[in-house]
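So the sequences go chain by chain: A and B. Take the first sequence: its position 121, counting from 1, is numbered 121 in this note's numbering, and each next residue is one higher. Take the second sequence: its position 14, counting from 1, is numbered 577 in this note's numbering, and each next residue is one higher. Here the structure is laid out as structure tokens; the discussion comes afterwards.
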Amino acid sequence: MRREGPPRVLALWLPDLPVQRLRRGRGGDGGAPLAVAAEGRIVACDASARSGGVCAGMSAAEALAACGALEMAMAEPAADLAALRGLGEALLAIAPVVEVAPPDVLLLDAGAAHLAAVGRWGGAERGAAQDPDAAEAALADRGRALAAELGWATRAAVAGGRGPARALARYGPRDAVRVAPGDEARALAPLPLAALALPDDVAGRLAALGIRDAGALARLPPETLAHRFGEAGVSAWRLARGRDETPLVPFTPETLPVEAIELEAPAETAEPLLFALKRIADRVAARLAGRGLGATRLKLVLKLDPRGEERILIPLAHPTASAARWLVPAKEHVFALRLPGAVTALGLAAIEVAPVEPEQLAIGDRPEALAALETVLSRLAVRLGDGALFAAEPVERYRPEAAYRAVAFRPAAAPSALALAVASGRRLRRHPIGGLCLPPPPTSTAITAAAAPRPKRRRPGTARTAGAVTEAAADPAPFRPTRLLAAPRLAVAEGEGGRITAVRVGPRAWPVLALEGPERISGEWWASPFDREYWRVRLDGLGDCWIYRDGADGRLWLHGFFD
Amino acid sequence: MPTEAVAPTLVLARLREEIRRIERRPARRGGCVPCRRPEVDEALPGGGFPRGAISELRGGPASGKTAVALAVFAALEGEGLAAYVDGRGELYPPAAAALGVDLARLLIVRPGVTAAAGGTRAADPPRGGPAREVALTALWAAEALLASGAFAAVAVDMPLTHAVRGADAMLRRLQAAAEKGGAVGLWLSPSGSALRPPAAVRVELASRGGRTVARRLVGEAPAPWRNGAGDAA
């Protein structure tokens, strides 16, 4: 599929970018004719201003004289560049390389368009995978559609080389142009010299020589241009003949996406807020998706009338770039809001992100269950807050209460029986009727012995209590108590003749039926040393308890229950 | 013509099927989940805990009810996810792992805990003020988890008293939530608890000489204790 010649490039030009940015931030095309000025000159205007006689290059006074209702805004090159980068970020979803070419052009690598047609679009565009020409046209359509979804109007051109693609996007005859490989010179010929974006001195001298279009420049002998203009002249000639082999400069986003929108009228109810929120959530999500990231925490900022703002942090259970999933917890917040004033503008930022791994559903997986899980985890995270829902992960610590830590609950798909067998080393055995099956899983007792943590401990044994000898419980009880008290309760041993007959916890004393131990656990001398002797004590009327004697002071503590 | 009479019926049937497909919720589950502890399973009517219903596990502080709930989680074996609403903040995950529970597929919910890394709280039953809020939040979380259809089993350990206003109504909603989501709902309640949710099965557990014994409660007349040997103890 590799082609000879300059790299294939898709150029997307955003006409009147400053005006588009302002309109987009206001959430629509309504309102007075709008123009943007810099240093007293109009640099961009919208269609209604243009129909009123305003055009770029006109002085601000002339523009106002031509169109009395004109709204004038000052140019903000930094904001324009940020907006261009934002769109470039989203376009990373459809092209391996995107170059941001200020002030208003994005260049995409179209060399792998046929591969993208298979991976991303499939189905109706399968034909594009076989035909590189159709794939390029499809890529251009996809780029323009993605930009339109995000509120941008664009013109597109696919051609060989950065310069020709850029020139054709801006000055081409149609909104979407595709030039076959090797046909760039003919496509560029009718374009004005300005389309080639030559250095000002070269462009001025060529114009003085009567060179008006790219075709005229291409027809000049290159030796003459080299003699008169030097290297710049030869470069201009090569560009006019469609020969531009400079590579794209990859754009790597360095900041997390932020989008904002002003409401047409101050909102006092949740519905208009949610409507506007969905719009900016789509934009932020598209930008994250282009980078293969998903948000794990969002910040929603509501600008209040007349001043002040409300900031809301929205934790998400899973990293996701799906705006629909963000809206579930966002709605919970918005409906619970009690604001002192109406909302005039919204801003949404992804303040914590994580890579989103591609998901592949196996046979038997239920996508609706995954969606239900996302929804309920988001609701719980909003209502209960951080730290209230987690999965536990074992930690190599001697101190029992520190033997696990909370981690984010991100369950993997259920492993298949075969994967389980491979992972556990169990051998498949032949089923008596036919086929292979798994041997029965180990009993809970065996699991207990295998999986229980083994801290540093002294050998446990049986002990005599009040004339009774304990036995190892036949019950498949866990090695550790199922419930561990957050704050151990002070216990007092009662007995006679060196034998413990009862343990007093609080006001009541419980007769001891049996006890097993001790299991000595100590360590962490480098941080907070501890030395404990644990006993499993069976108390009449209470059950099996986990009691330890603190080596520091000799006191007894009830630490947990084998519940 | 018969074909003309049948065609609209077929069309309607296909449309109904299409609407069902579009509106499809997570598949409902039926049957029972045994915890693979004979002394408990033998006491249960279907040999296990019913899906789509609340089952009450009643017992003292060391009666084995938490271990039974964890055994149910372990018995799922990748069939689905499990959730434990830990109102006391006392569940000890290493013990769950020792019982065969896949910790990565167990969601632990501790209402009222805001600090990360497994914060803990006092374990006294809530009566009013912030503790009441914690109790109601725990019940709300249990209802959301049961109704979601994303979890195959949900256990709730939240001791309640009559002093918690609004708990009665929320407890009644748990059964409907379990029916909706198809999960095995396990309500762990201490002995003598006055508040109890509507439950399809009530089992009382006790520790006798290191063994867990169980008996099913039917109304006020408890069945004989089962010791796991197939006989009444």
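In this text, a Cβ means the ideal position worked out from N, Cα and C, and glycines have one as well. Just so it is clear, the structure is predicted and the values come from calculations on it, not from any experiment.
Enumerate in chain order the residues of its own chain whose CB-to-CB distance from residue i is below 7 Å, with the five nearest sequence positions on each side excluded.
i	result
S322/A	A285
P266/A	D305, A342, V343, T344
L87/A	L106, A147, L150, W152
G40/A	S59, A60
Are the beta-carbon atoms of residue i and residue j separated by less than 9 Å?
i	j	result
A75/A	P18/A	yes
A197/A	A167/A	yes
V334/A	T375/A	no
A701/B	Q738/B	no
R621/B	P761/B	no
A716/B	G627/B	no
R532/A	L515/A	no
L139/A	A165/A	no
R771/B	A606/B	no
L346/A	I280/A	yes
L484/A	W546/A	yes
R311/A	S378/A	no
R614/B	V631/B	no
G566/A	W510/A	The first residue shown for chain A is 1 and the last is 563, placing residue 566/A beyond what the model contains.
R85/A	P250/A	no
A218/A	A240/A	yes
L758/B	A730/B	yes
L380/A	A388/A	yes
Once the 5 residues before and after residue i are set aside, which same chain residues still bring their CB inside 6 Å of it?
i	result
R24/A	G151
T482/A	D563
A95/A	L108, D109
A451/A	Since pLDDT at A451/A reaches only 36, below the 50 mark, its modelled position is unreliable, and no value is offered.
W750/B	I617, E619, V719, P760
G161/A	P6, D244
V258/A	A349
Taking only the alpha-carbon atoms, compute the straight-line gap between residue i and residue j and give it to the nearest angstrom.
i	j	result
G143/A	V301/A	30 Å
E706/B	P657/B	26 Å
A694/B	P674/B	10 Å
A616/B	A741/B	5 Å
R291/A	Q20/A	24 Å
P488/A	L669/B	25 Å
E149/A	G215/A	37 Å
E245/A	E264/A	47 Å
V343/A	L70/A	27 Å
A575/A	I671/B	There is no way to answer for residue 575/A, as the model of chain A reaches only from 1 to 563.
A47/A	P33/A	8 Å
D200/A	K331/A	54 Å
A449/A	V766/B	Since pLDDT at A449/A reaches only 31, below the 50 mark, its modelled position is unreliable, and the value read off the structure follows with that caveat. For A449/A and V766/B, the distance between alpha carbons rounds to 28 Å.
R410/A	V664/B	16 Å
R579/B	L298/A	39 Å
W237/A	P181/A	18 Å
R600/B	E401/A	28 Å
S51/A	D175/A	20 Å
W121/A	I582/B	Below a pLDDT of 50, predicted positions are generally treated as unreliable, and W121/A, at 43, falls in that range; the measurement from the model is reported next regardless. Near 27 Å, if we compare the C-alpha coordinates of I582/B and W121/A.
Just to check my reading of the structure: residue i and residue j have Cβ atoms closer than 8 Å, yes? What is that Cβ distance to the nearest angstrom?
i	j	result
A295/A	T320/A	7 Å
G748/B	L709/B	5 Å
L91/A	L146/A	6 Å
L209/A	L193/A	Between L193/A and L209/A the Cβ distance is about 11 Å, and since that is not below 8 Å, they are no contact.
R170/A	A195/A	6 Å
L248/A	E99/A	4 Å
F714/B	A646/B	5 Å
Name the DSSP beta bridge partners of residue i, please?
i	result
E262/A	A345/A
K303/A	E309/A, A345/A
F390/A	I671/B
E533/A	R520/A, R549/A
V717/B	A646/B, G748/B
V503/A	A493/A, W510/A
L566/A	Nothing about residue 566/A can be reported from this structure: the residues present for chain A run from 1 to 563 only.
R621/B	S752/B, E767/B
L34/A	E71/A
V353/A	A295/A
F612/B	V596/B
V249/A	Answer is none; V249/A lacks a bridge partner.
By Cβ distance, which residues of its chain are closer than 8 Å to residue i, with the 5 residues on each side in sequence left out?
i	result
A391/A	A406, V407, A408, F409, R410, P411
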